[in-house]
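So for the sequence shown, our numbering puts the first residue at 15; every next one is plus one.
Where a beta carbon is used, it is the ideal one built from N, C-alpha and C, also for glycine.
What you are looking at is a predicted structure, and each value in this text was computed from that prediction instead of being measured.
First comes the structure, then the notes that go with it.
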Amino acid sequence: MSWPVEISTLESLGQQLVADSAGAVAGYSIAFKELTLTAPASRVAQALTLMRDKFGFAQLIDLCGVDYPERPQRFDVVYHLLSLTKNQRLRLKVQTDEDTAVPTVTGVFPCADWYEREAFDMYGIFFEGHPDLRRILTDYGFHGHPLRKDFPMTGYVELRYDDELKRVVYEPVKSVEFRNWDFLSPWEGADYILPGDEKVEAK
């Protein structure tokens with residue numbers, strides 16, 4: 015099959031997946047020539063099993079989290095699938111909050127084990143039934159989840175080697191700097207004077 019896949023082919027695949035899923039796939043959309051499906055979190059394993067067994071999407075190439083703190087269900091858990099035989103990719107999204115666990119899909123795709131641990135560590139997303147859900151990238155005793163948008167850029171603690179104690183010590187960060195979500199394109203220009211611009215005016 016040629017790449018990129020025709021929009022009509024993606025439309026047909028999306029409709030067929032929704033029709034054959036018995037409610038496990040709630041809907042679909044197409045943006046930037048990519049197919050994105052949505053599913054209830056409680057039925058994600060069923061939806062992925064259908065995509066693997068009936069539609070040939072035999073590889074889970076990634077699983078990640080996305081944080082929308084303004085929503086009641088602040089997290090999207092996103093599954094990226096690949097079919098080598100069809101030369102197609104698709105994306106499945108489910109939503110959850112800070113306390114509600116998403117069923118693990120390690121029984122459908124064993125490689126999800128690592129990805130789910132990473133999403134738990136970075137975002138605090140829980141996966142029910144995961145065989146070993148513990149931190150994977152952050153240090154022992156780490157508090158918080160670094161990829162949440164309300165987590166400060168500097169973190170809450172810092173570590174340094176203490177020459178007197180002859181060991182690494184943890185200390186609270188004295189000035190916590192939160193992220194500044196300024197989505198202004200640098201090509202559009204700003205309504206305010208940027209640092210350094212006053213020098214241009216002076217010349």
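Option nearest residue i by Cα separation, candidates the options
i    : options                : result
E84  : Q102, P18, P209, K163  : K163
V183 : Y42, G155, L161, V108  : G155
P86  : G121, F71, E112        : E112
R103 : Q29, G37, W17          : W17
H7   : H144, P145, E185, P124 : Outside the displayed span of the chain (15 to 217) sits residue 7, for which this structure offers no information.
W128 : T23, I150, F71         : I150
For residue i, the first and last residue of its enclosing alpha helix (DSSP H)
i    : result
A126 : 126–137
G169 : No alpha helix (DSSP H) contains G169, which DSSP labels as neither H nor E.
E25  : 21–34
Presumed contact (8 Å Cβ cut-off) between residue i and residue j, rounded CB distance
i    : j    : result
R148 : R131 : 7 Å
M65  : L95  : 6 Å
E20  : I44  : About 11 Å separates the two Cβ atoms, so there is no contact after all.
Contact test: residue i Cβ vs the ligand MG heavy atom, cutoff 6 Å
i    : result
G121 : The ligand MG is not among the ligands present in this structure, which contains no ligands whatsoever.
Start-to-end residues for the beta strand (DSSP E) that takes in residue i
i    : result
Y41  : Position check: residue 41 holds Gly in this sequence, whereas Tyr was assumed. Element bounds for G41: 41–45.
T52  : 48–52
R181 : 181–186
Which runs of the alpha helix (DSSP H) fall wholly inside the region 68–103 and span at least 4 residues, in chain order? Counting only unbroken stretches of 4 or more residues, no alpha helix (DSSP H) element lies wholly within the region 68–103.
Do three or more CB pairs link the region 91–99 to the region 71–82 at distances below 8 Å? yes
Count the CB pairs spanning the region 49–61 and the region 106–118 that are closer than 8 Å, and state whether there are at least three. yes
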